[in-house]
Structures are given as C-alpha cells and as structure tokens.
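S.K.: Just so it is clear: in the sequence shown, position 4 is 4 by UniProt numbering, and no numbers are missing.
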Amino acid sequence: MIRRLYLKDFAIIKQLTINIKNGLTVITGETGAGKSIIL
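#1: Given G29, which residues of its chain have a CB within under 8 Å of its CB, disregarding the five upstream and five downstream residues?
#2: My assumption, with CB atoms under 8 Å, is that I12 sits in contact with I37. Please give the rounded CB distance.
#3: Is the CB-CB distance between T17 and L7 below 9 Å?
#4: For R4, which option in T31, A33, N22 has the closest C-alpha, if you only look at C-alpha atoms?
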C-alpha cells in the first residue's frame, strides 16, 4: 500500500509530499492545479 507520495520538479509541481492514511484519499483542486499529473 502506498503510504507517502513525494514529487519534486515534476511537470508543474515544484515539490509535493502527500501522506496517505488508511481509507479513502480524495485529491481536489481547481482546473489546471495538477491533480491529473499526480495520478
């Protein structure tokens, strides 16, 4: 199971860390914020 996601210098994302807990994780944001890039 993925527990943490770390991205650096990836597409429009300079640096991002997401700690994922048990259960459902929802990523939300405005259009063009980079949600699809994370997936």
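We put the CB at the ideal spot given by N, CA and C, even for glycine.
M.R.: Walking through what the data contain:
#1: Residue numbering aside, residue 29 sits at position 29 when the sequence shown is read from its first letter. Setting aside the 5 residues that flank it on each side, G29 is surrounded in the same chain by K35, each with a C-beta closer than 8 Å to its C-beta; the list follows chain order.
#2: The count along the sequence shown starts at 1 and reaches residue 12 at position 12. The count along the sequence shown starts at 1 and reaches residue 37 at position 37. Correct: roughly 7 Å between the Cβ atoms.
#3: Locating residue 17 in the sequence shown gives position 17, counting from the first residue. Locating residue 7 in the sequence shown gives position 7, counting from the first residue. In contact: T17 and L7 (Cβ atoms closer than 9 Å).
#4: The sequence position of residue 4 within the sequence shown is 4, counting from 1. The shortest C-alpha separation from R4 is found at N22.
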